[in-house]
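Student: Questions regarding the structure given below will be posed in turn.
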Amino acid sequence: MNDINSSVILQDTQSAHAINPVRSELQEATVRLDVKGAYFSFGSHTVLQGVDLKLRAGEVYGLLGPNGAGKTTLMKAMCGRLRLDKGDVRVEGKDPRLDQNVRRMVSYVPQDIAIFPYLTVIENLEIFGQISGLPRRDIAQSVKGMLQKASLGNQAHKLCRTLSGGYQRRINICASILNNPSVLILDEPTVGIDINAREEIHSLLCDLRDSGAAILIATHDLDQAYQLSDRVGFMKYGRIWLEGAPKTLIADHFGEEREIIVSFSSPPPDSGVQLLKEVGFYSIQAPLVWVGRIANSHIDIQTMSDELARSGMFVKEISIRSPDLTSLFMHMMSENESEI
Numbered sequence: 000m001n002d003i004n005s006s007v008i009l010q011d012t013q014s015a016h017a018i019n020p021v022r023s024e025l026q027e028a029t030v031r032l033d034v035k036g037a038y039f040s041f042g043s044h045t046v047l048q049g050v051d052l053k054l055r056a057g058e059v060y061g062l063l064g065p066n067g068a069g070k071t072t073l074m075k076a077m078c079g080r081l082r083l084d085k086g087d088v089r090v091e092g093k094d095p096r097l098d099q100n101v102r103r104m105v106s107y108v109p110q111d112i113a114i115f116p117y118l119t120v121i122e123n124l125e126i127f128g129q130i131s132g133l134p135r136r137d138i139a140q141s142v143k144g145m146l147q148k149a150s151l152g153n154q155a156h157k158l159c160r161t162l163s164g165g166y167q168r169r170i171n172i173c174a175s176i177l178n179n180p181s182v183l184i185l186d187e188p189t190v191g192i193d194i195n196a197r198e199e200i201h202s203l204l205c206d207l208r209d210s211g212a213a214i215l216i217a218t219h220d221l222d223q224a225y226q227l228s229d230r231v232g233f234m235k236y237g238r239i240w241l242e243g244a245p246k247t248l249i250a251d252h253f254g255e256e257r258e259i260i261v262s263f264s265s266p267p268p269d270s271g272v273q274l275l276k277e278v279g280f281y282s283i284q285a286p287l288v289w290v291g292r293i294a295n296s297h298i299d300i301q302t303m304s305d306e307l308a309r310s311g312m313f314v315k316e317i318s319i320r321s322p323d324l325t326s327l328f329m330h331m332m333s334e335n336e337s338e339i
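Everything in the sequence shown is counted per numbering that gives the first Met the number 0, starting at 0 for the first residue and increasing by one.
Shown next, in the form of structure tokens:
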């Protein structure tokens with residue numbers, strides 16, 4: 000028997016999440032935004048390849064995918080900031096490119112914070128209220144209500160540049176929802192902020208969702224996507240390849256299977272890497288951590304460690320867990336276009 004310090008850690012990652020199941024009424028809810036057959040190219044590079052997507056009232060949709068998948072281009076088309084080569088975007092049945100009032104029904108929050116750093120919080124909100132088309136007589140009351148809702152009252156008269164990134168992101172989102180948009184589109188809304196700021200933003204989004212808005216969040220934070228989203232869509236190669244409720248997608252894809260995570264003490268040799276790939280493993284922290292799938296958790300860990308060692312791969316730890324949204328994302332991203 001090899002002198003290998005291997006351990007088995009049983010995990011149930013799903014139970015750690017606050018599950019937001021798809022509400023049955025969403026099936027009949029009003030379609031707030033409808034994308035049909037969206038195509039777009041930059042020169043010879045095709046970015047969108049026939050995307051279809053519906054956002055319904057009272058729904059949070061998580062848009063997932065690697066960098067370069069076409070997510071940002073799709074979001075810009077959805078809010079009328081980009082003209083498609085082919086296809087249509089409709090906001091409650093109307094073309095946002097043709098009507099400014101329709102465009103104002105859709106708010107877009109980019110990943111980069113877009114507020115005026117040398118103005119106070121309240122001044123920023125007042126300006127964005129005007130830009131969004133709020134009647135002047137309603138702006139003061141709307142700003143007051145937003146400051147209270149977002150717990151920003153103590154910061155109201157501070158310059159935005161003096162506030163933390165979490166506060167600035169919260170202000171950015173508040174500026175975008177002052178006019179109660181029908182659709183809110185956010186690109187990485189909680190990147191680089193602490194957990195308290197993240198929870199404040201989640202609360203704002205849930206309030207807006209409950210008021211009947213449709214929300215799309217493009218994110219690499221898969222825990223956030225699982226927690227907030229009624230549906231998620233996996234985007235790759237300019238298309239949405241898989242779409243549905245997170246819990247349902249995970250159950251349909253993995254069934255009763257579990258994941259086995261193998262951590263090596265040193266990088267496997269080329270022959271070992273080839274062997275791992277042949278039996279369905281893929282790397283999540285190259286080259287030391289590899290993930291595969293097993294029918295059940297009743298396996299002989301030491302025997303497995305011995306077999307790997309004979310192939311020149313020395314195990315540091317082996318753990319077994321229930322698949323989660325990250326598992327599904329990694330599987331989707333590891334497949335070639337022809338295999339999806």
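Beta carbons: idealized from backbone N, C-alpha and C, even for Gly.
Can you list, in chain order, the residues of its chain with a C-beta nearer than 7 Å to that of Tyr117? Leave out the 5 residues immediately preceding and following it.
Tutor: Along the sequence shown, read from residue 1 onward, the residue named residue 117 stands at position 118. Correct list, in chain order: Leu158 and Arg160.
Student: Cutting at 7 Å between CB atoms, please list the residues of its own chain near Ser23, excluding the five before and the five after it.
Tutor: For this step, residue 23 is matched to residue 24 along the sequence shown. Model confidence at Ser23 stands at a pLDDT of 49, short of 50, so the residue's coordinates are unreliable and nothing is read from them.
Student: Touch check for the stretch 303 to 317 and the stretch 38 to 55: three-plus C-beta pairs under 8 Å?
Tutor: Segments in contact, no.
Student: Is it the case that the stretch 256 to 264 contacts the stretch 288 to 295, given that we only count it when at least three CB pairs across the two stretches are under 8 Å?
Tutor: With a cut-off of 8 Å, the stretch 256 to 264 and the stretch 288 to 295 count as touching, because enough Cβ pairs lie within range.
Student: Please name the residue or residues paired with Ala213 in a DSSP beta bridge.
Tutor: As a working note, residue 213 is residue 214 in the sequence shown. Ala213 pairs with Glu58 and Val182.
Student: Looking at the unbroken alpha helix (DSSP H) that takes in Val30, where does it start and where does it end?
Tutor: Here residue 30 refers to the residue found at position 31 of the sequence shown. Counting along the chain, Val30 falls outside any alpha helix (DSSP H), though it belongs to the beta strand (DSSP E) covering Val30 to Phe41.
Student: Taking the C-alpha atoms as reference points, what is the distance between Ala285 and Tyr166?
Tutor: To locate residue 285, count along the sequence shown from 1; it is residue 286. To locate residue 166, count along the sequence shown from 1; it is residue 167. So the two alpha carbons sit approximately 35 Å from each other.
Student: Could you tell me which residues DSSP puts in a beta bridge with Thr218?
Tutor: Position 219 of the sequence shown, counted from the start, is the residue given in the question as residue 218. In the DSSP output, where bridge partners are listed per residue, Thr218 has none listed.
Student: For Lys235, does the count of other Cβ atoms within 10 angstroms reach 16, so buried, or fall short, so exposed?
Tutor: As a first step, residue 235 is located in the sequence shown; it is residue number 236 there, counting from the start. Flag for Lys235 reads buried.
Student: Return the CA-CA distance between Glu187 and Thr218, expressed in angstroms with no decimal places.
Tutor: As a working note, residue 187 is residue 188 in the sequence shown. As a working note, residue 218 is residue 219 in the sequence shown. So the alpha carbons of these two residues sit roughly 5 Å apart.
Student: Going by DSSP in three states, His44 sits in which element: helix, strand or coil?
Tutor: Against the sequence shown, residue 44 aligns to sequence position 45. Three-state DSSP puts His44 in a strand.
Student: Just grab the DSSP bridge partners of Val50 for me.
Tutor: In the sequence shown, residue 50 corresponds to position 51, counting from 1. According to DSSP, which records beta bridges pairwise, Val50 is partnered with Ala37.
Student: Roughly how many angstroms lie between the CA atoms of Thr189 and Ile300, to the nearest whole one?
Tutor: Locating residue 189 in the sequence shown gives position 190, counting from the first residue. Locating residue 300 in the sequence shown gives position 301, counting from the first residue. In a straight line, the C-alpha of Thr189 is about 39 Å away from that of Ile300.
Student: If you reduce the DSSP assignment to three classes, tell me which class Leu203 lands in.
Tutor: Start at 1 with the first residue of the sequence shown, and residue 203 comes out as number 204. Three-state DSSP puts Leu203 in a helix.
Student: Could you tell me whether the stretch 81 to 91 touches the stretch 33 to 44, using the rule of 3 or more Cβ pairs below 8 Å?
Tutor: Yes: the two stretches touch, three or more of their Cβ pairs being nearer than 8 Å.
Student: Can you list, in chain order, the residues of its chain with a C-beta nearer than 8 Å to that of Leu203? Leave out the 5 residues immediately preceding and following it.
Tutor: On the sequence shown, position 204 is the one that residue 203 refers to. Excluding residues within five positions, the ones whose Cβ falls inside 8 Å are Lys148, Ala149, Arg169, Ile172, Cys173 and Ile176.
Student: Can you give, in chain order, each stretch of the beta strand (DSSP E) that sits fully within the stretch 133 to 201 and has at least 3 residues?
Tutor: Whole beta strand (DSSP E) segments, 3+ residues: 182 to 186.
Student: Can you check which of these residues, Phe328, Gln223 and Asn179, is closest to Ile194 by C-alpha distance?
Tutor: As a first step, residue 194 is located in the sequence shown; it is residue number 195 there, counting from the start. Considering only alpha carbons, the answer is Gln223.
Student: Are the CB atoms of Ser228 and Gly64 nearer to each other than 8 Å?
Tutor: The residue given as residue 228 occupies position 229 in the sequence shown. The residue given as residue 64 occupies position 65 in the sequence shown. Contact flag unset, no.
Student: Excluding the 5 residues preceding and the 5 following Ile121 in the sequence, name in chain order all residues of the same chain whose CB lies nearer than 8 Å to its CB.
Tutor: By one-based count along the sequence shown, residue 121 stands at place 122. Excluding residues within five positions, the ones whose Cβ falls inside 8 Å are Val142, Leu146, Ala155 and His156.
Student: On a Cα-Cα basis, can you pick out the residue from Leu54, Arg31, Leu124 and Phe253 that is closest to Val231?
Tutor: Here residue 231 refers to the residue found at position 232 of the sequence shown. Of the listed residues, the one whose Cα sits closest to Val231 is Leu54.
Student: Is it true that the CB of Met104 sits closer than 8 Å to the CB of Glu91?
Tutor: As a working note, residue 91 is residue 92 in the sequence shown. As a working note, residue 104 is residue 105 in the sequence shown. Going by C-beta atoms, Glu91 is nearer than 8 Å to Met104.
Student: Give the DSSP-derived three-state secondary structure of Arg309 in the structure shown.
Tutor: Against the sequence shown, residue 309 aligns to sequence position 310. Note: Arg309 maps to helix in three-state DSSP.
Student: Using a threshold of 8 Å, state whether the C-beta atoms of Gly191 and Gly164 are closer than that.
Tutor: Working through the sequence shown from its first residue, we reach residue 191 at position 192. Working through the sequence shown from its first residue, we reach residue 164 at position 165. Yes; because the gap between Cβ atoms is below 8 Å, this pair is in contact.
Student: For the beta strand (DSSP E) that Leu83 lies in, which residues bound it at each end?
Tutor: Looking up residue 83 in the sequence shown gives position 84. Looking at the DSSP string, Leu83 is not in any beta strand (DSSP E), and its letter there is neither H nor E.
Student: Any idea which residues DSSP pairs Leu63 with across the strands?
Tutor: As a working note, residue 63 is residue 64 in the sequence shown. Per DSSP, Phe233.
Student: Select from Glu198, Gly128 and Ser265 the residue whose C-alpha is nearest the C-alpha of Glu351.
Tutor: Not covered by the structure: residue 351. The range shown for the chain is 0 to 339.
Student: Quick one: what's got a C-beta closer than 7 Å to Gly243's C-beta in the same chain, skipping five residues either side?
Tutor: If you number the sequence shown from 1, residue 243 lands on position 244. Answer for Gly243: Arg230, listed in chain order.
Student: DSSP three-state call for Glu255: helix, strand or coil?
Tutor: Against the sequence shown, residue 255 aligns to sequence position 256. Coil at Glu255, not helix or strand.
Student: In chain order, what residues of the same chain have a beta carbon less than 7 Å from the beta carbon of Asp370, not counting five sequence neighbours either side?
Tutor: Lying outside 0 to 339, the shown extent of the chain, residue 370 is not represented and no answer is given.
Student: Report yes if the C-beta distance between Ala139 and Pro180 is below 8 Å; otherwise report no.
Tutor: Here residue 139 corresponds to residue number 140 of the sequence shown, with the count starting at 1. Here residue 180 corresponds to residue number 181 of the sequence shown, with the count starting at 1. Their beta carbons are not under 8 Å apart, which means Ala139 does not touch Pro180 by this criterion.
Student: Here's a check: name, in chain order, each residue in its chain whose Cβ is nearer than 8 Å to the Cβ of Pro109, leaving out the five neighbours to either side.
Tutor: Position 110 of the sequence shown, counted from the start, is the residue given in the question as residue 109. Hits under 8 Å: Asp186.
Student: Just how far apart, CA to CA, sit Lys70 and Val182?
Tutor: The residue given as residue 70 occupies position 71 in the sequence shown. The residue given as residue 182 occupies position 183 in the sequence shown. C-alpha separation (whole angstroms): 16 Å.
Student: If you draw a straight line from the C-alpha of Val278 to the C-alpha of Ile249, how long is it?
Tutor: As a position in the sequence shown, residue 278 is number 279, starting the count at 1. As a position in the sequence shown, residue 249 is number 250, starting the count at 1. Cα-Cα distance, rounded: 21 Å.
Student: Could you spell out the range, first to last residue, of the beta strand (DSSP E) harbouring Leu241?
Tutor: As a position in the sequence shown, residue 241 is number 242, starting the count at 1. Arg238 to Gly243 is the extent of the beta strand (DSSP E) around Leu241.
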